[in-house]
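With our numbering applied, the sequence shown covers 242 to 360.
No residue lacks a Cβ here, since even glycine has one placed at the ideal position from N, Cα and C.
Reviewing the structure listed below.
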Amino acid sequence: MTDFLRGKKCVPCEGGIQPLGGDEIKNLMPQVSDWRVNAIVKGGKTVETLQKRFQFKNFREAMAFLRQVEEVAEAEGHHPNFCVHYNKVDFTVWTHAISGLHENDFILASKIDDLIKGS
Numbered sequence: 242m243t244d245f246l247r248g249k250k251c252v253p254c255e256g257g258i259q260p261l262g263g264d265e266i267k268n269l270m271p272q273v274s275d276w277r278v279n280a281i282v283k284g285g286k287t288v289e290t291l292q293k294r295f296q297f298k299n300f301r302e303a304m305a306f307l308r309q310v311e312e313v314a315e316a317e318g319h320h321p322n323f324c325v326h327y328n329k330v331d332f333t334v335w336t337h338a339i340s341g342l343h344e345n346d347f348i349l350a351s352k353i354d355d356l357i358k359g360s
């Protein structure tokens with residue numbers, strides 16, 4: 242089902258639109274593997290995000306994966322937040338301009354998942 246998202250490209254989002262609603266998020270969630278919606282607080286506002294942890298054999302594999310993510314993120318013009326914990330990489334993705342989730346976040350999550358499937 243991720244083929245739908247894989248074939249799409251992130252579109253610039255400079256704000257002025259509403260974040261995705263609950264039904265829209267529910268429809269997109271099956272298209273990303275093991276990501277979860279998690280609310281965080283940014284600037285005193287609750288923001289829905291997509292989050293996922295990837296685990297690797299060691300630090301070198303984690304960093305090689307991040308270099309691949311860098312290429313995808315640059316090509317899409319949409320950049321995830323991430324944190325490296327030796328052999329684990331935690332991602333948090335949301336659209337800052339709208340303080341919430343946009344289809345771009347699901348497109349990026351799907352393409353990050355595809356990097357693992359391709360390795």
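Asked	Found
Is the beta carbon of residue 318 sitting closer than 8 Å to the one on residue 253?	yes
In terms of DSSP beta bridges, what is residue 286 paired with?	283
Determine the direct distance from the alpha carbon of residue 346 to that of residue 255, and round the result to whole angstroms.	14 Å
Going by DSSP, which residues form a beta bridge with residue 332?	293, 323
What's the gap between the Cα of residue 288 and the Cα of residue 298?	32 Å
If we count the other Cβ atoms within 10 Å of its Cβ and call it buried at 16 or more, is residue 324 buried or exposed?	exposed
Just how far apart, CA to CA, sit residue 309 and residue 356?	7 Å
Enumerate in chain order the residues of its own chain whose CB-to-CB distance from residue 246 is below 7 Å, with the five nearest sequence positions on each side excluded.	272, 347, 348, 351
Give the range of the alpha helix (DSSP H) segment to which residue 351 is assigned.	344-358
Would you kindly work out how many angstroms separate the C-alpha atoms of residue 322 and residue 332, rounded to a whole number?	6 Å
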